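What follows is a single structure, written as structure tokens, with notes after it.
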Amino acid sequence: MSKALATPVTEYLDSQQIDYHLLHQTQPTITIEETARQRGVRPSQMVKSIVLRDMGNQYALACLPGDKSVDPKRVRSLLNCRRMTCVARNEIESVTGYQAGTVNPLLLKSTMPIFFDSRLLKETTITISSGDPMLGISLSCQDLITLCNPFVADICRRNKEN
């Protein structure tokens, strides 16, 4: 990969000899749908990474398809804690080392359990943030699982489409 486009995540993937492709954006985006369109992927291929915290300040990272929503109650029950909520946007970087919107399950600043929704495993290729809001990474779902060793469970909110 070009060193001009290197991020700590791409350097880590290179060091682990993981095959990946960079997905460039031409302009900043706000929604998963906009980002997927610019990167030429389906929202369900995008790994949405949500940082959760319980009342005792235990953190967890919930990774799910971009077109789904996390159910904190499901993650809470897996961790056997009483209450779990999303971390405030202004706290995300201090906990993960990534700006809001660029969190991924690799090279997290704080040690925390990582949960993958089982729906992610239906995708052969998934995408994560490179840590740069204008640059995504496409890689094998199995490679990402090998690198971050997540717990796999059903952690999405239930709705008519699930």
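Just so it is clear: in the sequence shown, position 142 is 162 by the working numbering, and no numbers are missing.
The beta carbon of each residue, even a glycine, is placed where N, CA and C say it ideally should be.
As the structure is a computational prediction, the values presented were derived from the model and not from experiment.
Helix, strand or coil at residue i according to DSSP, with G and I counted as helix
i: LEU72; result: strand
i: SER158; result: strand
i: ILE52; result: helix
i: LEU128; result: coil
i: CYS106; result: strand
i: SER89; result: coil
i: ALA120; result: coil
Limits of the unbroken alpha helix (DSSP H) element including residue i
i: ILE112; result: 112–116
i: ASP137; result: ASP137 -> not in any alpha helix (DSSP H); beta strand (DSSP E) instead, spanning 134–137.
i: THR30; result: 28–35
Neighbourhood of residue i by C-beta distance below 7 Å, restricted to the same chain and skipping five residues each side
i: THR46; result: GLN58
Bounding residues of the beta strand (DSSP E) (the contiguous stretch that carries residue i)
i: ILE148; result: 145–152
i: LEU42; result: 40–44
beta-carbon residue i near the ligand ZN non-hydrogen atom, thresh 8 Å
i: ARG109; result: Absent from the structure shown: the ligand ZN. Ligands present: none.
Contacting residues, own chain, Cβ-Cβ under 8 Å from residue i (five flanking each side not counted)
i: LYS23; result: Summary for LYS23: the model assigns pLDDT 48, below 50, so the residue's position carries little reliability; its value from the coordinates is reported in the next sentence. Counting only Cβ-Cβ distances below 8 Å, and skipping sequence neighbours, we find nothing.
Q. Counting pairs of Cβ atoms below 8 Å between the stretch 155–172 and the stretch 68–77, do you hit three or more?
A. no
Q: Decide if the stretch 95–105 is in contact with the stretch 137–153; the criterion is three or more beta carbon pairs, one per stretch, under 8 Å apart.
A: Taking a cut-off of 8 Å for Cβ pairs, the stretch 95–105 and the stretch 137–153 do not touch, as fewer than three such pairs fall below it.
(Q) Tell me whether the stretch 47–54 and the stretch 23–37 touch, counting them as touching only if at least three CB pairs, one residue from each stretch, are closer than 8 Å. (A) no
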